[in-house]
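The structure appears right after this line, and notes come after that.
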Amino acid sequence: MPKNAKRIYEFTAYGFGPYTVGTGYGYGSQKTAGVKDEVSTFEIGGTYEMGPGVNLMAGYYYIDFDSDDADLRNEANSFMIGTALSF
Numbered sequence: 006m007p008k009n010a011k012r013i014y015e016f017t018a019y020g021f022g023p024y025t026v027g028t029g030y031g032y033g034s035q036k037t038a039g040v041k042d043e044v045s046t047f048e049i050g051g052t053y054e055m056g057p058g059v060n061l062m063a064g065y066y067y068i069d070f071d072s073d074d075a076d077l078r079n080e081a082n083s084f085m086i087g088t089a090l091s092f
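Taking the working numbering, the leading residue of the sequence shown gets 6, the next gets one more, and so forth.
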């Protein structure tokens, strides 16, 4: 990682019975060629274990990208639902 870059990510999860819920936050910044870029992320989600090897999942993700260069600024919201099969 370059000397002028910073990064942090925190995540926590809690399981109870067939359920698991979690949340996370991330932040990163970097300065190159006099332009500072920053990204922040937030996520929350959970799973439900339907049975051995079958999990239902859902999550929400928010990403905010900020920059000294106005053309690079952006943000996104994302939702995810799915099923995981493992055997």
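Where is the CB? At the ideal position from N, CA and C, for every residue including glycine.
Report the rounded CA-to-CA distance for Leu77 versus Tyr67, giving the unit in angstroms.
17 angstroms
Would you say Met62 and Gly27 are within 8 angstroms of each other, going by their C-beta atoms?
no
Select from Lys8, Ala10, Tyr30 and Lys11 the residue whose C-alpha is nearest the C-alpha of Ala18.
Nearest option by C-alpha distance: Tyr30.
Uninterrupted beta strand (DSSP E) stretches inside the region 17-92 (no shorter than 3 residues)
Complete beta strand (DSSP E) runs here, min 3: 24-37, 40-56, 59-72 and 79-90.
Checking 8 angstroms against the spacing of the C-beta atoms, do Gly58 and Phe92 come in under that value?
A contact, by the Cβ cut-off of 8 angstroms.
Assign Thr52 to buried or exposed, taking buried as 16 or more other Cβ atoms, counted over all protein chains shown, within 10 Å of its Cβ.
buried
By the three-class DSSP mapping on this structure, what secondary structure does Lys11 have?
strand
What number of angstroms, rounded off, separates the C-alpha of Phe70 from the C-alpha of Thr25?
29 angstroms
Roughly how many angstroms separate the alpha carbons of Met85 and Phe47, rounded to a whole number?
14 angstroms
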